[in-house]
Amino acid sequence: MVVISLGLDGVTLQSSINYLKAGKLDDVLTIKGECVHQGRTTCVVDVDITNQEGKNVCKATFTMFVTGQRSDERQVRI
């Protein structure tokens with residue numbers, strides 16, 4: 001979603017996901033993604049997932065290959 005929010009289309013080149021803490025059925029999870037590098041052909045995205053207590057549940061990093069600009073009719077508002 002981070003790459004889409006930048007108005008780009010892309011595919012995953014690499015992903016690394018670390019599950020840090022077990023989630024419970026009634027947990028409220030917050031997902032925050034940030035583009036830490038936006039190059040001409042790649043984007044690196046860091047993702048943090050926290051529970052309602054603010055404790056990290058998961059940490060992930062994705063390297064995305066940019067396939068092009070997202071067309072106006074396919075834009076997503078986040």
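Residue numbering for the sequence shown follows the UniProt record's numbering, beginning at 1 and increasing consecutively.
Just so it is clear, CB atoms sit at the ideal spot from N, CA and C, and this is done for glycine as well.
Computed from a predicted structure; not experimentally measured.
Three-state secondary structure assigned by DSSP to VAL2: helix
If we count the other Cβ atoms within 10 Å of its Cβ and call it buried at 16 or more, is VAL36 buried or exposed? exposed
For VAL45, which residues in the same chain have their Cβ closer than 6 Å to its Cβ, ignoring the five residues on either side in sequence? VAL2, GLY33, CYS35 and PHE62
Distance between ILE49 and ALA60 (C-alpha atoms, nearest Å): 9 Å
Quick check on LEU20: does DSSP put it in helix, strand or coil? coil
Candidates CYS43, GLY54 and ILE17, of which the one nearest ILE7 by Cα: In the sequence under discussion, the amino acid at residue 7 is Gly, which differs from the Ile named in the question. Ranking the options by Cα distance to GLY7, first place goes to CYS43.
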